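**Q** Just passing along the structure, written as structure tokens.
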Amino acid sequence: MLNNKSFGIGFILFLVLSSTVAQVATQITTPLLPIIAKDFAVSAGLVQRSISAYLLGMALSGIILGYLSDYFGRRRVMLAALLFGILGTGCCIFAENAIVLIIGRFIQGVGLSGVWIISRAITRDISVGSQLAKIFSLLTMLDVLIICLSPLLGGVIESHFGWRFVFVTFLSYNLVVMLATFCVKSKLRQADIPFPGLYGLFKPMLQLLKNKTFLFFNGIVSAVYAIQVTYSTVGTFIFQNDLGLSATQFGLVALLISIAYIFGAFINSRIVTYLSIKTIFTLAIIMMWVGLAILLSVCFFIKLSLTIMLIFVVLGSIAGSIIMINGLTMALSSVDKDIGSSSAVMSTCQFIAGFIFTGLISFFDAKSIIPFTFILAFLAVIITILSLTAKFPEKSYIR
């Protein structure tokens, strides 16, 4: 474990930049989906699959990149991953049709998966247990502020310069993260053990299969992530097509979500040392179901309105923030070694879940809220079941 004195403002800034770049790649483009579909004269479902392609790229590369970072050093692998992200972003900038755009997003995902995974591993390198939960809470508040400002920024840029310049802006963000990675060289874990070959990848994976704490909470985190990216895929069409918001107005909705998510992280950072983890999970899951109940009422009893959607996203964001933070902490705190590989497995499971459910939702009418609602309800059931069957520490984190 690194010296915690190295966890200063500059290092926090690096972690924020590196942990957000993969999410910003998705969020900054969400207001663009209806516009790109119109520009390329293709269906909404085809453009939505660009997000699925991005998540598939993340899923395919994540485990390998996290594993390699354990042996070749965090910095070296992160820089290589950023180069892939830059290449994919370039494809998106010059895409002349939806297929090239989808390919570009796939290449983006292959690279930026490693950046996200390694940033988590770095955080775990320097902390554990309740300290890790507090650090995740701080990073979550800062991360979400950047991530959820991204749709607003994307909407404003598109309205003035067109959707391609949004990808140009994101390319600049990639370059900033690369510069930050160079600047923190001395603070990142270096390669200090011999590389056993790719066959060694399967050993930590087999060990994780025996770690029930990791498996249960990894499942919870993956389901929460699937809810988040499914909303990202469909939310822009609901707010812009069904409710008549502009791309910039949709960005303001994303800003509201960021405030709610940050509020959830802030509350979690205050209660994590006073309430049991099981109690925190229970309260968050109840809040999640209240939001879903309101959305389900739209399917059967009342008409969809902006107010109903805003209530749903606020409650869901607060609950999702709390569940995600504590799920990450419980899973990663149960791991003593091969942290990069463990972080990679966890993130890859999230990407696979996101790929499956964003791909599934793309086959339904983007203007219908019913498939979206029932997919979210299904994922909420999974979260609830896993939470009821997971083993929680009685008072605090396992360390």
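Using the numbering used here, read the sequence shown as starting at 101 and increasing by one per residue. Quick reminder that beta carbons are idealized off the backbone N, C-alpha and C, glycines included. Because the structure is a prediction, the values reported are computed rather than measured.
Are three or more beta carbon pairs between the stretch 370-390 and the stretch 266-281 nearer than 8 Å?
**A** no
**Q** Just to confirm my understanding: we take L179, look at its own chain, exclude 5 residues before and 5 after, and list those with CB closer than 7 Å. What are they?
**A** M278, T281
**Q** Identify which residue in S397, G157, G190 has its Cα closest to the Cα of A453.
**A** Nearest C-alpha to A453 among S397, G157, G190: G157.
**Q** Using beta-carbon positions only, say whether N311 and I377 come within less than 8 Å of one another.
**A** no
**Q** Taking just the CA atoms, how far does L253 sit from T484?
**A** Taking the straight line from one Cα to the other gives about 35 Å.
**Q** Does the separation of the CB atoms of I475 and I461 fall below 8 Å?
**A** yes
**Q** Compare the Cα-Cα distances from S434 to each of F172, Y374, N368, A490 and report the closest residue.
**A** A490
**Q** Flag this pair as touching only if the stretch 199-218 and the stretch 319-333 have three or more C-beta atom pairs under 8 Å; answer yes or no.
**A** By the Cβ criterion, the stretch 199-218 is not in contact with the stretch 319-333, since fewer than three pairs of Cβ atoms, one from each stretch, lie closer than 8 Å.
**Q** Given this structure, state the Cα-to-Cα distance separating A477 from L392, to the nearest angstrom.
**A** 7 Å
**Q** Going by the beta-carbon positions, is the gap between T313 and M424 smaller than 8 Å?
**A** The Cβ-Cβ distance between T313 and M424 does not fall below 8 Å.
**Q** Report the residue from A384, A360, I359 whose alpha carbon sits nearest the alpha carbon of I371.
**A** A384
**Q** Taking Cβ to Cβ, would you say S358 is nearer than 8 Å to I257?
**A** no
**Q** Thinking L132 and G319 are a contact (beta carbons under 8 Å), I'd like their distance in whole angstroms, please.
**A** That belief does not hold up - the Cβ atoms of L132 and G319 are roughly 32 Å apart, past 8 Å.
**Q** Taking the runs of the alpha helix (DSSP H) that are 4 residues or longer, which of them lie wholly in the stretch 151-228?
**A** 174-193, 198-226
**Q** From F472 to I362, what does the alpha carbon distance come to, in whole angstroms?
**A** Approximately 24 Å between the Cα atoms of the pair.
**Q** Would DSSP call F464 helix, strand or coil?
**A** When secondary structure is reduced to three states using DSSP, F464 falls in the coil class, being assigned neither helix nor strand.
**Q** In this structure, does DSSP put F492 in helix, strand or coil?
**A** coil
**Q** So is T373 buried or exposed if we call it buried at 16+ other beta carbons inside 10 Å?
**A** Under this definition T373 is an exposed residue.
**Q** May I ask which residues mark the beginning and end of the alpha helix (DSSP H) holding A347?
**A** 347-371
**Q** Is the Cβ of I320 closer than 8 Å to any Cβ of chain D?
**A** Note that chain D does not occur in the displayed structure, where there is just one protein chain.
**Q** Taking the beta carbon of A141 as the centre, do at least 16 other beta carbons fall within 10 Å, making it buried, or is it exposed?
**A** exposed
**Q** Between which two residues does the alpha helix (DSSP H) holding I423 run?
**A** Counting along the chain, the alpha helix (DSSP H) containing I423 begins and ends at 406-433.
**Q** With distances taken between CB atoms, is the gap from V215 to S332 smaller than 8 Å?
**A** The Cβ-Cβ distance between V215 and S332 does not fall below 8 Å.
**Q** From S259 to P304, what does the alpha carbon distance come to, in whole angstroms?
**A** 48 Å
**Q** Please classify V268: does DSSP put it in a helix, a strand, or coil?
**A** helix
**Q** Would you tell me roughly how many angstroms separate the C-alpha atoms of P134 and A195, rounded to the nearest one?
**A** 16 Å
**Q** With a 10 Å radius around its C-beta and 16 neighbouring C-beta atoms as the bar for buried, classify C283 as buried or exposed.
**A** Exposed, by the Cβ-count rule.
**Q** Can you give the Cα-Cα distance for T189 and R205, rounded to whole angstroms?
**A** Roughly 7 Å separates the two Cα atoms.
**Q** On the DSSP letters alone, give me the boundaries of the alpha helix (DSSP H) that S332 sits inside.
**A** 312-337
**Q** Quick check on DSSP: helix, strand or coil for K138?
**A** helix
**Q** Can you name, in chain order, every residue of its own chain whose Cβ lies under 7 Å from the Cβ of I338, other than the five neighbours on each side?
**A** M409, I469
**Q** Can you give me the C-alpha to C-alpha distance between A125 and C191, rounded to a whole angstrom?
**A** 13 Å
**Q** Can you tell me the Cα-Cα spacing of L479 and I222, whole angstroms?
**A** 29 Å
**Q** Could you pull out every residue in the same chain whose Cβ sits closer than 6 Å to the Cβ of V210, ignoring the five residues on either side in sequence?
**A** G157, S161, F184
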